[in-house]
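Since the structure comes first, as structure tokens, the remarks are kept for the end.
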Amino acid sequence: MARKTREEAEKTRQHILDAAFTLFARQGFSRTTLQQIAAAAGVTRGAVYWHFKDKVDL
Numbered sequence: 022m023a024r025k026t027r028e029e030a031e032k033t034r035q036h037i038l039d040a041a042f043t044l045f046a047r048q049g050f051s052r053t054t055l056q057q058i059a060a061a062a063g064v065t066r067g068a069v070y071w072h073f074k075d076k077v078d079l
């Protein structure tokens, strides 16, 4: 798989943040899992960890 450009990586990061904020607002921080965030953002859980250390880092 080809490496993403900086612009593509930033888009992915923003999709993850958007998904996280939506889920946190809807169901609360403690009830939201990284798997749910990844699914909502259309990425793998590994991609979430690539951009963020953990859920608190989001």
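Counting with the working numbering, you get residues 22 to 79 for the letters of the sequence shown.
Glycine included, C-beta positions come from ideal geometry on N, C-alpha and C.
Computed from a predicted structure; not experimentally measured.
Run through DSSP, which three-state label would residue i get?
| i | result |
| --- | --- |
| residue 43 | helix |
| residue 79 | coil |
| residue 53 | coil |
| residue 26 | coil |
Starting from residue i and walking both ways along the alpha helix (DSSP H), at which residues does that stretch end?
| i | result |
| --- | --- |
| residue 66 | 66 to 72 |
For a cutoff of 7 Å on Cβ pairs, would you count residue i as touching chain D?
| i | result |
| --- | --- |
| residue 33 | In summary, chain D is missing from the structure at hand, where a single protein chain is found. |
Determine, using beta-carbon pairs with one atom in the segment 44 to 51 and one in the segment 64 to 71, whether at least three such pairs fall under 8 Å.
no
Quiz item: Is it true that the segment 25 to 32 meets the segment 54 to 63, where meeting means three or more beta-carbon pairs spaced less than 8 Å apart?
Solution: For the pair of segments examined, the segment 25 to 32 was found not to touch the segment 54 to 63: the number of CB pairs separated by less than 8 Å stays below three.
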